[in-house]
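Chains as they are written, first to last, in the numbering used here: chain W, 8 to 341; chain V, 33 to 383; chain D, 28 to 309.
Note that beta-carbon positions come from the ideal geometry of N, C-alpha and C, so glycine has one too.
Here is the structure we will look at, set down as structure tokens.
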């Protein structure tokens, strides 16, 4: 309150005009204090939530942390019978499916953002932006449904046979294709994160001063050259932030991935093989763990997932803030 | 201004409170008996308006865990709880058998007519990843005259904690030393190969949707989905398909050894007997010995006794075997021992 | 020189074509998914679907009335919990958020906004389901509320910040106390934007499944009792989609179509509201 320059001293109180028909119910200071206290209390809910969330994960995971220590994240045996747990396959699967998704989604999303901000006719901008953002409105479980009954049969029938014929000799496309696979998970994730990356990239590109563009065009650059050499580099940090934000989404995505990735504790380089993600493992096994150690291991998987997404999201925000300072860019995307 | 719709929602919720006392019972666990449990619950809810049952088939692992945490009124499992798990909840649990069923190897080979025969070592080696092609000589030798495709075998197993998995791995551990040593038995194990599906439902679906797949599910799931149920060679050397008779025969040996004081936790995989199906099991409700809420306990006991008596006739058409008659009186004694606030709830459960 | 210039212009044209093609690919994905939903779901939408409860495994017929009502109850309750906290936090950030606490809250909101929903599910199971000795719609609503608060807080803040400073100064100069200025002038001016944010937040949680698995559990009966387990559309779709029965698949597509319709309705209303407020600028 002391920071408020226009806060009048208490002595001027009598001069306060009373709104006709609405006498002030509370004294100025009492009302303001109450208002501020209420809002502060509400605002404290989120930090409290974060702290209890973290505390609960650590407490729940403690038996597993004590037992397995740091090697939990790089050992790969997951044997509930013997009580040995290592999360490497899930961590690998989480990262691999997310990176595969980025590989597909980034060109698409940047294409959308660049087209909409730089090239598309004005009348098309709103409809396309709207339709792409609608992709974010489709619930995860609906993506999973579509993945099982449309995408996987399509991959099995039309995509994987030619892919294996040409690239089957590389480790990336080796082995039997079951349907449920890293590839299916990656594609579904890609479609799911396109709208996030596109929306944030678009806002970043819109925030680039038009003088950048005009200067390049004025020097004789073609329209594409202006975009690629002047606009995109200017917004680079923000665009990287947008991509990392998409990565954060992909890492934590649960239902759609669980339904198509094959749920297999194994590390395989081949995208045709089934894999597992941390989120999928939690969905499948968290409420199912019979032994206490198994449950603790599930808590630890949750903790690792949480820490990774927090780091990734924090990086994304800091990068985006550098370009579009302080705004809630992206959080408004559906 | 934003407040008024919220108030409306609150009012609607308040009005929606149940009009009359109806005991709500929540259970969760095994997917193996889910087909018959859903059937029982619908039938029972229709004729008994004083209780409403909700059963969610999350997996036997979940049944044990959530029962132990006290988040459900009853659990269900087809992997009996270990002594250590029972001790952890101070022994406050009764295993009440409900029906018997069989884990069958089911597969997706559209061009193969008739049902395939499996020897125990072939099953173990398929699930260990040693046999990878359907055309393998060892599968062919048990299936003379069947034209097997040169397709890759896709193993499908469970991704959740599962009693069906326990039965399957319990059987494989008994017939294959390599399996016992490398993998062992449990509701969740470290699978050497394969894809994970959630629940009997998920495994059945994955087999159905994946050409060349093999999985293990309760007989009822194969029946309801018109999937083949392979026959398995039993201890006596006979290939036997899962059926009401062969599952009942599997329990015969165990029944001879069981006395009135049994806690019903008995494995009947790989039994003796020419007609016995080797991968069969009881499946159990998990009930507490002492409940806090007398009304709940009474309603629950009443339902369970209904399932043990009238409900048994529903078993065969749905792919399960009814319990041996001999168990009836023993189960009755156990149900009578259930108390709430120190009093038996059997009398108040007025049948 | 002119050859090089030609090449540059051809490149420019090609790249323009490429980004246009990429945009249409993204739109195509949406069209395909929505098209499949309608093609496979619409034929199963009938009176029974909306009014009946599920039938036992393996039988045909029945509907998802319990799940539709369950979604309404759980999402409504989540909004009841989440909206006041979210909007309050947003107002705090806009009005008093320049200090250290404001920075912390803003950062925490952004971090939580990206927290996997399944982790919130673990949280709700540990803090609500386990201590309360039972799954309940209430626990599910709390989990969903925790998911929506960060997003609503940030959009509310942004909307309030869009209110011209002059308006606030005018009110203060007239002698309005700060709290009344904030509520009656600033928040009221930003109301359309705040409501939009809230609608988008509700739309986002309406389709969530992961946090409900460990909290609302599911229920094959029709119930509106919030202390009991409750079925929701997303959870029903998950069960039916991963199951083996043709009948379940049919109901899963129809349920997905209904859920999608519900989410789109909220989303489109939100967009319409924001259009009213800001014109077509965005």
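Please classify residue i: is it buried, with 16 or more other beta-carbons within 10 angstroms of its beta-carbon, or exposed?
i, result
"residue 307 of chain W", "buried"
"residue 37 of chain D", "exposed"
"residue 258 of chain V", "exposed"
"residue 88 of chain D", "exposed"
"residue 215 of chain D", "exposed"
"residue 130 of chain W", "exposed"
"residue 333 of chain V", "buried"
"residue 220 of chain W", "buried"
"residue 293 of chain V", "exposed"
"residue 137 of chain W", "exposed"
"residue 81 of chain W", "exposed"
"residue 322 of chain V", "exposed"
For residue i, which residues in the same chain have their Cβ closer than 7 Å to its Cβ, ignoring the five residues on either side in sequence?
i, result
"residue 226 of chain V", "187, 188, 189"
"residue 85 of chain D", "272"
"residue 183 of chain D", "113, 114, 117, 118, 221, 224"
"residue 208 of chain D", "195, 198, 199"
Cβ-heavy atom distance between residue i and the ligand SAH below 7 Å?
i, result
"residue 77 of chain D", "Inclusion of the ligand SAH in the displayed structure is not the case, the ligand content being empty and no account of it being possible."
So, does the CB of residue i fall closer than 8 Å to a CB anywhere in chain V?
i, result
"residue 156 of chain D", "yes"
"residue 239 of chain W", "no"
"residue 253 of chain W", "no"
"residue 271 of chain D", "yes"
"residue 269 of chain W", "yes"
"residue 297 of chain W", "yes"
"residue 160 of chain D", "yes"
"residue 244 of chain D", "yes"
Grab me the residues of residue i's own chain with a C-beta within less than 6 Å of its C-beta, minus the 5 sequence neighbours each way, in chain order.
i, result
"residue 173 of chain D", "147"
"residue 249 of chain V", "138, 232, 235, 236"
"residue 66 of chain W", "none"
"residue 277 of chain D", "71"
"residue 262 of chain V", "137, 147, 148, 150"
Could you tell me whether any Cβ in chain D is nearer than 8 Å to the Cβ of residue i?
i, result
"residue 281 of chain V", "no"
"residue 236 of chain V", "yes"
"residue 222 of chain V", "no"
"residue 88 of chain V", "yes"
"residue 140 of chain V", "no"
"residue 103 of chain V", "yes"
Using a Cβ cut-off of 8 Å, pull out every chain V residue sitting near residue i, in sequence order please.
i, result
"residue 94 of chain W", "Result: empty, since nearest Cβ-Cβ is about 13 Å, beyond 8 Å."
"residue 256 of chain D", "58, 86, 88"
Compare the C-beta of residue i with all C-beta atoms of chain W and state if any pair is closer than 8 Å.
i, result
"residue 230 of chain V", "yes"
"residue 62 of chain V", "no"
"residue 276 of chain D", "yes"
"residue 108 of chain V", "no"
"residue 74 of chain D", "no"
Below 7 Å on C-beta distance, what does residue i contact in chain V?
i, result
"residue 330 of chain D", "Absent from the model: residue 330 of chain D. The displayed extent of chain D is 28 to 309, so no value can be given."
"residue 165 of chain D", "Within chain V, no residue comes near residue 165 of chain D; the closest Cβ sits about 10 Å away, beyond 7 Å."
Along chain D, which residues have their Cβ under 9 Å away from the Cβ of residue i?
i, result
"residue 71 of chain V", "83, 84, 85, 86"
"residue 253 of chain V", "84, 85, 271"
List the residues of chain W that residue i touches, going by C-beta distances under 8 Å, in chain order.
i, result
"residue 98 of chain V", "294"
"residue 219 of chain V", "87, 295, 297"
"residue 198 of chain D", "Those do not exist, as residue 198 of chain D stays about 11 Å from chain W at its closest Cβ, beyond 8 Å."
"residue 301 of chain V", "Chain W residues near residue 301 of chain V: none, gap ~16 Å exceeds 8 Å."
Report all residues from its chain with a CB closer than 8 Å to the CB of residue i; omit the five preceding and five following residues, and keep chain order.
i, result
"residue 296 of chain D", "226"
"residue 171 of chain W", "180, 184, 279"
Mind pulling the chain D residues with CB within less than 8 Å of residue i?
i, result
"residue 175 of chain V", "The contacting residues do not exist; residue 175 of chain V stays about 25 Å from chain D at best."
Along chain D, in chain order, which residues have C-beta atoms closer than 7 Å to that of residue i?
i, result
"residue 184 of chain W", "Per Cβ cutoff of 7 Å: no residues; residue 184 of chain W is ~20 Å from chain D at best."
For residue i, return the contacting residues in chain W, with the cut-off set at a CB-CB distance below 7 Å.
i, result
"residue 39 of chain D", "229, 230, 231, 232"
"residue 290 of chain D", "144, 146"
Using 8 Å as the Cβ pair cut-off and three pairs as the minimum, do the stretch 306 to 321 of chain V and the stretch 129 to 142 of chain V touch? Yes, they touch.
With a cut-off of 8 Å, do at least 3 Cβ pairs link the stretch 263 to 276 of chain D to the stretch 143 to 162 of chain W? Taking a cut-off of 8 Å on C-beta distances, the stretch 263 to 276 of chain D touches the stretch 143 to 162 of chain W, as three or more cross pairs fall below it.
Evaluate contact between the stretch 192 to 208 of chain W and the stretch 98 to 111 of chain W, counting only Cβ atoms and requiring at least three cross-stretch pairs below 8 Å. Yes: at least three Cβ pairs fall under 8 Å.
Looking at C-beta atoms only, is the number of pairs between the stretch 271 to 287 of chain W and the stretch 179 to 195 of chain W that lie closer than 8 Å three or more? The stretch 271 to 287 of chain W is in contact with the stretch 179 to 195 of chain W.
Sufficient close CB pairs (3 or more, under 8 Å) joining the stretch 101 to 112 of chain V to the stretch 191 to 198 of chain V: Output reads yes: the stretch 191 to 198 of chain V touches the stretch 101 to 112 of chain V.
Could you tell me whether the stretch 94 to 111 of chain D touches the stretch 263 to 272 of chain V, using the rule of 3 or more Cβ pairs below 8 Å? Output reads no: the stretch 263 to 272 of chain V does not touch the stretch 94 to 111 of chain D.
Do the stretch 208 to 227 of chain W and the stretch 239 to 248 of chain W touch if we need at least three Cβ pairs shorter than 8 Å? Between the stretch 208 to 227 of chain W and the stretch 239 to 248 of chain W there are three or more C-beta pairs closer than 8 Å, enough to call the two in contact.
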